[in-house]
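**Student:** Position 158 of the sequence shown, counting from 1, maps to 1105 under this note's numbering, and the rest follow consecutively.
No residue lacks a Cβ here, since even glycine has one placed at the ideal position from N, Cα and C.
Following this message is one structure expressed as structure tokens.
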Amino acid sequence: MPSIQKLQVNTFRNLHQETLNPVPGVNLICGQNGSGKSSILEAIYFLGLGRSFRNTQQTPLIQHGSRSCSVFGELSDGLTLGVSRSLDAPPQIRLRGDKAQSSAELAKHLPLQLLNAEAFKLLEGGPKTRRQYIDWGVFHVKHQFHNHWREFKRCLQNRNILLKRKAPASEITPWTQEFVRHANIIDQFRNDYLSLFLPFLESILANLIHLEDLSFRYTRGWSHDEDILSVLEQGLKRDFAFGHTVAGPQRADLKIRLGSENACDILSRGQQKLVVIAMKLAQGAFLVRESRLQCLYLIDDLPAELDKENRGRVCRLLSELGGQVFITGTEQEELLDTIKNSNFDTNDCKLFHVKHGIISAM
Ligand SMILES: Nc1ncnc2c1ncn2[C@@H]1O[C@H](COP(=O)(O)OP(=O)(O)OP(=O)(O)O)[C@@H](O)[C@H]1O
Ligand SMILES: [Mg+2]
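Below, the structure written as structure tokens:
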């Protein structure tokens, strides 16, 4: 059950050359606005996924005036990871010092859940965020999923190119057949995962908030009573008209409703935050249960939008999950106070201060 025991960050945003030795328990990162708190979490995320959580463009990660940035991590089980970006060379990922092929290899070793202001997108954003949420869970418990998803995307792209080009149906058919094969497997994986995970999520949610009418419902991207092959065959004219494939697992969603309405239209901001926290923590906890892997939790600005009692509930839940936690906040007293109300072992808590990108352990 690895945790990060050493993190080294080089010319990454406003962090010049910083080293952090976190504890396996809870790491509190305190500092003023613009000091570098989110950048530390972003560096950890970069180490686990090979990309930023802020931009699709990766160059803003590189410190102004530098030509590259890198993050190295040493895990408690001895594994070393390294990720770098450069303006002059392709991105590099290293595992145990050797070049790795893809960021999926990092993700396998460092499963992490991020909770920041963007996490609200799970409720108020489009289906893509929720598909990614489902697929995070499926990826970590079903290792074959990644290959099927990659192959599926290839079929989808090729099929869409042919549809745009108004190619003859005979050219589209082989891609449709492969599309269907992977689509059914992906749907099966997602369905199997959610049928076990959703009841578990409800039990975690009950620790944080009581919302009787809240429901989660998986929609697979095509009608439940039809098979995807006939949907695609019958919808070929429509697909030609749109210039892309309308039905399939690329359209799946997890509908989150309160009664008959979208939860995000009814819930208060604080209630939304609790639902989102429950969704993220439940996935981490479920991963531990299913695979014995541990999960890392990055929580940017925990105090925002939560009252003291709810902050206490979240921290108690976090302490029960047992993973490594990084929590940022601007007020030291508020952060320490929250931890006092939880069951975290005080010997397994560490406080860091960050000022103008310089980190010091307290
Ligand atoms: N590529 C870069 N090079 C240098 N500095 C950068 C770069 N990108 C962002 N910054 C700066 O890094 C600083 C730290 O940003 P960060 O988002 O980590 O702050 P923060 O402590 O989380 O603040 P807040 O409390 O407002 O969320 C900011 O001043 C930002 O302008
Ligand atoms: Mg921040």
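Indicate the three-state DSSP secondary structure (helix, strand or coil) for Leu1205 in the structure shown.
**Tutor:** In this structure, Leu1205 counts as strand in the three-state DSSP scheme.
**Student:** Starting from Ile951, follow its DSSP beta bridges and name the residues at the other end.
**Tutor:** Ile951 pairs with Leu1022.
**Student:** Confirm, please, whether the CB-CB distance from Ala1225 to Ile1151 is below 7 angstroms.
**Tutor:** Closer than 7 angstroms, so yes.
**Student:** First and last residue of the alpha helix (DSSP H) that includes Phe1189?
**Tutor:** Residues Leu1183 to Phe1189.
**Student:** So if DSSP puts Glu965 in a beta bridge, which residue, or which two residues, is it bridged to?
**Tutor:** According to DSSP, which records beta bridges pairwise, Glu965 is partnered with Val956.
**Student:** Keeping to the same chain, check which residues put their C-beta closer than 7 angstroms to that of Phe959; ignore five residues upstream and five downstream.
**Tutor:** Excluding sequence neighbours, Phe959 sits near Ser986, Ala990, Leu1008, Gln1010, Cys1016 and Val1018.
**Student:** Compute every distance between the C-beta of Ser1162 and the non-hydrogen atoms of ligand 2, then say whether any falls below 6 angstroms.
**Tutor:** Not under cutoff, so the answer is no.
**Student:** Please find out if some non-hydrogen atom of ligand 2 comes closer than 6 angstroms to the beta-carbon of Ser985.
**Tutor:** It does: the Cβ of Ser985 is within 6 angstroms (strictly closer) of some heavy atom of ligand 2.
**Student:** Going by alpha carbons, who is nearest to Leu1264 out of Lys1227, Gln1219 and Ser1238?
**Tutor:** Of the listed residues, the one whose Cα sits closest to Leu1264 is Lys1227.
**Student:** Tell me which residue opens and which closes the alpha helix (DSSP H) that Gly1269 is part of.
**Tutor:** Careful: Gly1269 lies outside any alpha helix (DSSP H) and carries neither H nor E.
**Student:** Relative to ligand 1, is the shortest distance from any of its heavy atoms to the C-beta of Gly978 smaller than 6 angstroms?
**Tutor:** Within the cutoff, so yes.
**Student:** Mark Gly1190 as exposed unless 16 or more other C-beta atoms lie within 10 angstroms of its C-beta, in which case mark it buried.
**Tutor:** Flag for Gly1190 reads exposed.
**Student:** Is it true that the CB of Ala1232 sits closer than 7 angstroms to the CB of Leu1282?
**Tutor:** No, these two residues do not count as a Cβ contact at 7 angstroms.
**Student:** With DSSP as the reference, label Asn1138 as helix, strand or coil.
**Tutor:** In the structure shown, Asn1138 sits in a helix (DSSP, three-state: H, G or I).
**Student:** With C-beta atoms as the reference, is Leu1176 less than 7 angstroms away from Val1127?
**Tutor:** Closer than 7 angstroms, so yes.
**Student:** Short of 8 angstroms in beta carbon distance, which residues of its chain neighbour Phe1144, apart from the five on each side in sequence? Order them along the chain.
**Tutor:** Only Gly1084, Ala1229, Gln1230 and Phe1233 meet the Cβ criterion.
**Student:** So does Arg960 have its beta carbon nearer than 6 angstroms to some heavy atom of ligand 1?
**Tutor:** Checking the Cβ of Arg960 against ligand 1 gives yes.
**Student:** So, with DSSP's three-state summary, where would you put Phe1147?
**Tutor:** In this structure, Phe1147 counts as helix in the three-state DSSP scheme.
**Student:** Considering only heavy atoms of ligand 1, does any lie closer than 6 angstroms to the CB of Gly981?
**Tutor:** Yes, since a heavy atom of ligand 1 falls inside the 6 angstroms radius drawn around the Cβ of Gly981.
**Student:** Would you mind working out which of Thr1027, Leu1026, Leu988 and Ala1036 sits nearest Thr1006, comparing C-alpha positions?
**Tutor:** It is Ala1036 whose Cα lies nearest to the Cα of Thr1006.
**Student:** Under the rule that 16 or more other beta-carbon atoms within 10 Å means buried, what is Glu965, buried or exposed?
**Tutor:** Label assigned to Glu965: buried.
**Student:** Got a sec: does ligand 1 put a non-hydrogen atom nearer than 6 angstroms to the Cβ of Gln952?
**Tutor:** False, no ligand heavy atom lies under 6 angstroms from that Cβ.
**Student:** Got a sec: does ligand 1 put a non-hydrogen atom nearer than 6 angstroms to the Cβ of Gln1010?
**Tutor:** Answer for Gln1010: yes, Cβ within range of ligand 1.
**Student:** What do you get for His1157, buried or exposed, if any count of 16 or more other CB atoms within 10 angstroms of its CB means buried?
**Tutor:** The residue is exposed, with fewer than 16 neighbouring Cβ atoms inside 10 Å.
**Student:** Using CA atoms only, rank isn't needed, just tell me which of Arg1032, Leu1034, His1056 and Gln1004 is closest to Arg1043.
**Tutor:** Comparing Cα positions, the closest option is His1056.
**Student:** Regarding Pro1038 and ligand 1, is the C-beta to nearest heavy atom distance less than 6 angstroms?
**Tutor:** Incorrect: Pro1038 has no Cβ contact closer than 6 angstroms to ligand 1.
**Student:** Contact defined as beta carbons within less than 8 angstroms: I believe Leu967 pairs with Phe1299. What is the distance between those atoms, to the nearest angstrom?
**Tutor:** Indeed they touch by this definition, with Cβ atoms about 7 angstroms apart.
**Student:** Taking contact to mean 3 or more Cβ pairs, one atom from each stretch, closer than 8 angstroms, check whether the stretch 1131-1139 and the stretch 1213-1221 are in contact.
**Tutor:** Output reads no: the stretch 1213-1221 does not touch the stretch 1131-1139.
**Student:** Can you give the Cα-Cα distance for Ile1274 and Asp1254, rounded to whole angstroms?
**Tutor:** C-alpha separation (whole angstroms): 16 angstroms.
**Student:** Tell me where the alpha helix (DSSP H) around Thr918 begins and ends.
**Tutor:** Only positions 948 to 1309 of the chain appear in the structure, and residue 918 is not among them; the question remains open.
**Student:** Could you check whether Ala1054 and Leu996 sit closer than 7 angstroms to each other, using their CB atoms as the reference points?
**Tutor:** The answer is yes: Cβ separation under 7 angstroms.
**Student:** Report yes or no: do three or more beta-carbon pairs, one from the stretch 1198-1207 and one from the stretch 1238-1252, lie closer than 8 angstroms?
**Tutor:** With the cut-off at 8 angstroms, the stretch 1198-1207 and the stretch 1238-1252 do not touch.
**Student:** Spell out the partners DSSP gives Cys1296 in its beta bridges.
**Tutor:** DSSP, once it has assigned bridges, lists Val973 as partnering Cys1296.
**Student:** Quick one: does the C-beta of Pro1007 sit closer than 6 angstroms to a heavy atom of ligand 1?
**Tutor:** Under cutoff, so the answer is yes.
**Student:** Would Glu1118 and Cys1102 be called neighbours here (beta carbons separated by less than 7 angstroms)?
**Tutor:** In this structure, Cys1102 does not lie closer than 7 angstroms to Glu1118 by Cβ.
**Student:** Do you know offhand how far Lys1302's Cα is from Leu988's?
**Tutor:** Cα to Cα, Lys1302 sits roughly 15 angstroms from Leu988.
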